[in-house]
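Asks:
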């Protein structure tokens, strides 16, 4: 029986997934605050990450504010072998070169194999855009309008499932007004 752990992040990156090493073992959670609750969590703050936050207003994946903790990139899954899961081996995906790799196509093959862990791209925005360009919608304007409404309703409905209270900010623009009208 293989002892592996597979962690995956949604294709757009709507829900975060943090992972790394703390208190002598491998840890993961959907909120970085949950990792701070792990007994023995003493990962220092990475001061060199602060310019990213000040530049973008957030810290982009794969980085986090804590040493040894990473955010899984959107559309990616991470496979961990037992020696990593049980803390017998650690890794740093940034230093290893596993992060920030240009992933233009999804593949069953890992785009990075670090010996003990592999990174896989299961969905690519570039690939999705190229697919849409090759196979454009060929219906009438009315059919396009109906299809857009159907897809928007499905998308908004799918986002209404949450483990926290939902709210919406209205800027007064057409996009936020449309989304709120479908909630």
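Residue numbers (the working numbering): 987 to 1169. In this text, a Cβ means the ideal position worked out from N, Cα and C, and glycines have one as well.
1) In the structure shown, what three-state DSSP assignment does residue 989 receive?
2) Taking buried to mean at least 16 other C-beta atoms within 10 Å of its own C-beta, is residue 1152 buried or exposed?
3) Report the start-end ranges of each alpha helix (DSSP H) in the segment 1030 to 1058 that is 4 residues or longer and not cut off at the edges.
4) Which of helix, strand or coil does DSSP assign to residue 1126?
5) Note the first and the last residue of the continuous beta strand (DSSP E) segment covering residue 1011.
6) What's the gap between the Cα of residue 1016 and the Cα of residue 1109?
7) Compute the Euclidean distance between the alpha carbons of residue 1003 and residue 1105, then round it to the nearest angstrom.
8) For residue 1064, is the classification buried or exposed, using 16 other Cβ atoms within 10 angstroms of its Cβ as the cut-off for buried?
9) How would you call residue 1062, buried or exposed, if buried means at least 16 neighbouring beta carbons within 10 angstroms?
10) Does the structure place the segment 1006 to 1026 close enough to the segment 1034 to 1045 that three or more beta carbon pairs sit under 8 Å?
Replies: Taking the definition as stated:
1) Correct three-state label for residue 989: coil.
2) Here residue 1152 is exposed: its Cβ has fewer than 16 other Cβ atoms, across all protein chains shown, within 10 Å.
3) Here the runs fully enclosed are 1036 to 1042.
4) Here residue 1126 sits in coil by DSSP.
5) Per DSSP, residue 1011 belongs to the beta strand (DSSP E) from 1011 to 1015.
6) Going by C-alpha positions, residue 1016 is about 20 Å away from residue 1109.
7) Approximately 14 Å, taken between the alpha carbons.
8) So residue 1064 ends up on the buried side.
9) Taking all protein chains shown into account, residue 1062 has 16 or more neighbouring C-beta atoms within 10 Å of its C-beta and is therefore buried.
10) Between the segment 1034 to 1045 and the segment 1006 to 1026, the count of C-beta pairs closer than 8 Å stays below three; the two stretches do not touch.
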